[in-house]
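K.L.:
Counted the way this note's numbering counts, the sequence shown spans residues 184 to 1011. Where a beta carbon is used, it is the ideal one built from N, C-alpha and C, also for glycine. Just passing along the structure, written as structure tokens.
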Amino acid sequence: MAGTSGNPNPWPTIGRLVAALVATGVLFAGLLLPYVGGLGLAARHEATKFLDTTCNLQETPPPQKTTLYASDGKTVIATLFSQDRHPVLLSAVPKQLQDALVATEDRRFYSHHGVDMRGLVRSAVSTSGGSTQGGSTLTMQYVKQMRYYQAGKDVAKQQAAIDQNLNRKIEDAKCAIYLESTKKESKQDILQNYLNIAFFGENSYGIDTAAQNYFGKPSSKLTLAESAMLVGLLRAPSEYDPFLHPEAAKARRNQVLQNLVDVGKLSQAEADTVKATPVKLGTTKPPVVKQGCANASSTINNVGFFCDYVVNWLETVGGVSETQLTTGGLSIVTTLDANLQNSMERNMSVPASSPMTAVLPAVDPHTGDVVAMASSKIYGNKTSAKDVTHTVLPIFTEYSGMGASTYKLFPLLTALQTGVPSSQAIYAPLTSDPKNPTQNPGYHPSNCSTTAPTFNADAIESFSTSETMVSATAKSSNTYFVGLVDQLFNCDLQPVVDMARKLGMKGLDAASGDGNLTIAQTVVNYQRPAELVLGDVGTSPLELAGAYAAIANQGVFNTPAPIKSITDETGKPVAVKRSPGTAVVSPQVALQATQILTGDTRSPGTSASQFINWYGGGNSTVAGKTGTSVAVVNNQDTQQNAALWFVGMTPNLVATSALINFDHPNAPAAGLPGLSDPGTQAYGAYASGVWVNALTPTLAPQRWAWADPASAPGDPVPPLTGMTMTAAQAALTAAGFKMAELDKANALQCASSVPTGSIAFYGPQIAPKGSTITVCPSLGVAPQSPPPPVITTPTRGRTTTTPGIPTTGGTTPGGRRTITITPPRPTH
């Protein structure tokens, strides 16, 4: 308590002095205590506290930058960091900078053992109140900053690390002594660690980053004047910022130079010469923080989308936390092919100003590596309310546009895997809308729930009412694929859902809006074949590429992923949590599907018009599938189209071309070059044209050939058609195969004329030993057959006509479907 004269009470100061002396190791515990009994418990308390304090500091590398590289391991994509730091060895720091630091911050650095008694005593004596300032050695400052960085984002721990109070001083002192006396860390190590952890202002953490940001050079190239300026920043980086306060920065620099003179490391004449020079910086403006995907490398065109995908994947799938990414100093080699990315971006045929966004993810089917993510939009925040050219939406993975007829892949694979031959015909009779029988014929499912929606017939392409799997896929016949699951599988949609899920189509697991049901549960429970097999499902373009990639990879599905390898700051490998490949369909089935899908790019396939020049140039065969979703206006289906799709496959590259209005995914497609707007309709073929333009420079020089299904690896499977289930099981076991029944849980029986319960279909017909063969027991009733054709015979001068059925139908552009009898919807 202060005396009545107003003089400060001396006892707290003396108490701090005693504590300081004890802390520096000069006095043993209790040595002074008998002589300061009049101080009460103050000095005894501080001495005891020091003795009882233990150093629990575990040294860790300071926060470091993570670097994302392209697949070559050299081309930088982006850097991620919370602190812009590039650690260097002390040998990369000029000796004159080291001398300046010691002369300015801790002149007895090389003589003390972590704590400077004289400095700490001076601090204790000169400071009144409950806090203490000054007296910290470089080692103690290093301890303090280490604690601060280890606090992460915990504000309370950060504050505790830098609080100017005696408790914190005692902790720092104890740890400083521990580092130098117990751990025997050398002065060179302490100095190196300090220079790499220290903050120099302007987002410059560590000496090398500071040298780059202020002078545009590595720390090893710093001059005496530059070294002195950087050392001067350490006391108050903002106050001495040379960009903002050049005169203060110069004065502080000159003080550091004078400090060198004071300790005999520089002559006065040399110091005066340097003092007379102005502060010269490497730039006139403060450095821009080039961190994160928004500041991704400009050498790789529009790579921000891929960068953002990588960060999200690492944090959600790869097991790398945000803290690890921004502080761990990781070196991450991604799967990105920089040359392919640049080529696809250069050959993008949709302008950024279009309301439609072209999205083209490309995948290596053998590994699942995501090798490119090209887009017509520019990655970045909008520059104004009217800016339509930029976006940071996750457009490659968002479940936005409806996948449309690209979903025909899943019933196709389900049928082939069950052994349904590609020549299988499905009779899809046309029934007429009484109000408009000519323009709006429609197919009514016969086995699906009576509440299932009426389904429109195909049009313009003049689909036959008895298409085969081959012809129906090429022309994207909607009635065929709805008829396939309705008639052949008795409207059991579960196997098709299972196939899509195994191929990574997670959009089916989204909420349907019907209670707690997912989309998959809704289409199965309510028997909605059109919604499933014609893709009324929000779809991720990348997931769709991954699904088709499995077919190009002979049935082995690799979940798309963007990472090849990760190493930490020491070069030690970090585990990458990528899923192993899984065989979803047999090689023979995958080859059959590929063979069928090559029909899409050749006449009469839905994308054939866009591949005329491709094949005219003698290029190899591309397999693929188009999709066109219906536009919805005022919650009503229209006769216009919305999202446009094409998935193209080669043996070594699979890419999705999706054109989606991400602001209004169901709005009519507009703003596409080559189409009068809102005149000419765009279909999936348009998306295939975007695909061809983007990939021709890369793929045209390559040559490949698709293998024949008959050459699939394995052995012939015993013929099972017509066998009882028991006999089939025995035959397969004897031949070295396993057997699984298609959707046994729901007792599915496939339409067939063979006896009820016997094997109607089995597949594959060629498979490696040990493989599982899928069988489907017979319903005992064959699929619908067309009635006899119209027969005209002359009878006594007149003709007699036997009623039959039309063999073609429809008048509007191709493959459209709807959940009401009108209007027709496009899906091919």
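1) Using 8 Å as the threshold, is the C-beta distance between Ile353 and Thr237 below it?
2) Over the uninterrupted alpha helix (DSSP H) stretch that includes Thr881, give me the two end residues.
3) So, with DSSP's three-state summary, where would you put Arg301?
4) Decide yes or no for the touch test of the segment 559-578 against the segment 905-922: beta carbon pairs closer than 8 Å, at least 3 of them.
5) Please classify Ile260: is it buried, with 16 or more other beta-carbons within 10 angstroms of its beta-carbon, or exposed?
6) Apart from the five residues just before and just after Gln771, which ones in its own chain have a Cβ nearer than 6 Å to its Cβ?
7) Using 10 angstroms around the beta-carbon of Ser421, count the other beta-carbons present and answer buried if the total reaches 16, otherwise exposed.
8) Are Ala598 and Met531 touching if we call contact CB-CB under 8 Å?
9) To the nearest angstrom, how far is the alpha carbon of Leu407 from that of Asp289?
10) To test your reading of the DSSP string, which unbroken alpha helix (DSSP H) runs of 4 or more residues are found completely within the segment 398-432?
11) Which one of Tyr492, Val446, Val958, Thr809 has the shortest CA to CA distance from Leu727?
12) Count the other C-beta atoms from every protein chain shown that fall within 10 angstroms of the C-beta of Ala203, then say buried if there are 16 or more, exposed otherwise.
13) Three or more C-beta pairs under 8 Å: does that hold for the segment 242-249 against the segment 499-518?
14) If you follow the alpha helix (DSSP H) that Cys490 is in, where does it begin and where does it stop?
15) Terminal residues of the continuous alpha helix (DSSP H) containing Trp797?
16) Quick check on the DSSP output: the alpha helix (DSSP H) that includes Cys358 runs from which residue to which?
17) Excluding five sequence neighbours on each side, which residues of the same chain lie with their C-beta closer than 6 Å to the C-beta of Ala870?
18) Which residue spans inside the segment 763-838 form an unbroken alpha helix (DSSP H) run of at least 4?
19) Can you tell which of Gln932, Cys933, Asn736, Ala850 has its C-alpha closest to the C-alpha of Val837?
20) Since Phe155 sits in a beta bridge, which residues does DSSP pair it with?
21) Output yes or no for whether 8 Å exceeds the beta carbon distance between Met527 and Asn844.
22) Mapping the DSSP letters down to three states, classify Gln316 as helix, strand or coil.
23) Give a yes or no on contact between the segment 737-753 and the segment 658-668, applying the rule of three or more CB pairs nearer than 8 Å.
24) At the level of alpha carbons, what is the spacing between Leu523 and Arg291?
25) Helix, strand or coil for Cys476? Go by DSSP, reduced to three states.
26) In angstroms, rounded to a whole number, what distance separates the CA positions of Ser537 and Gly854?
27) Given a cut-off of 8 Å, decide if Val720 and Leu676 are closer than it, judged by their beta-carbon atoms.
28) When the Cβ atoms of the segment 809-819 are set against those of the segment 584-591, are three or more pairs found closer than 8 Å?
29) Is the segment 541-555 touching the segment 449-466, taking contact as three or more C-beta pairs under 8 Å?
30) In its own chain, which residues sit with a C-beta less than 7 Å from the C-beta of Ala883, not counting the 5 before and 5 after it?
31) So, with DSSP's three-state summary, where would you put Ala758?
32) Does the beta-carbon of Asn379 have 16 or more other beta-carbons within 10 angstroms, so that it is buried, or is it exposed?
33) Name the residue from Ala877, Gln819, Leu592, Asp520 whose alpha carbon lies nearest to the alpha carbon of Ala657.
34) By the 10 Å Cβ neighbour count, where 16 or more other Cβ atoms means buried, how is Pro470 classified, buried or exposed?
35) How close, in whole Å, do the beta carbons of Ala923 and Asn673 come, if the pair is a contact with beta carbons under 8 Å?
36) Would you say the segment 554-572 touches the segment 480-493, given that touching needs at least three Cβ pairs under 8 Å?
P.N.:
Short version:
1) no
2) 867-882
3) helix
4) no
5) buried
6) Pro892, Ala895, Pro947, Ile949
7) exposed
8) no
9) 19 Å
10) 407-416
11) The shortest Cα separation from Leu727 among Tyr492, Val446, Val958, Thr809 belongs to Thr809.
12) The predicted position of Ala203 is uncertain, since its pLDDT is 47 and thus under 50; a value taken from the coordinates is nonetheless stated next. With 16 or more other Cβ atoms from the protein chains shown falling within 10 Å of its own Cβ, Ala203 counts as buried.
13) yes
14) 487-499
15) 795-799
16) 349-360
17) Cβ within range, chain order: Leu827, Trp828, Phe829, Ser840, Leu842.
18) 770-780, 795-799
19) Asn736
20) For residue 155 there is no data in the structure shown, the boundaries of the chain being 184 and 1011.
21) no
22) Residue placement at Gln316 is flagged as unreliable, the pLDDT there being 41, under the threshold of 50; a coordinate-derived value is accordingly withheld.
23) no
24) Leu523 and Arg291: Cα-Cα distance of roughly 58 Å.
25) In the structure shown, Cys476 sits in a helix (DSSP, three-state: H, G or I).
26) Between the C-alpha atoms of Ser537 and Gly854 there is a straight-line separation of about 5 Å.
27) no
28) yes
29) no
30) For Ala883, same chain residues with a beta-carbon under 7 Å away, outside a window of 5 residues either side, are Gly800, Asn802 in chain order.
31) coil
32) Asn379 comes out buried.
33) Leu592
34) buried
35) Actually they are not in contact, since the Cβ atoms of Ala923 and Asn673 sit about 18 Å apart, beyond 8 Å.
36) yes
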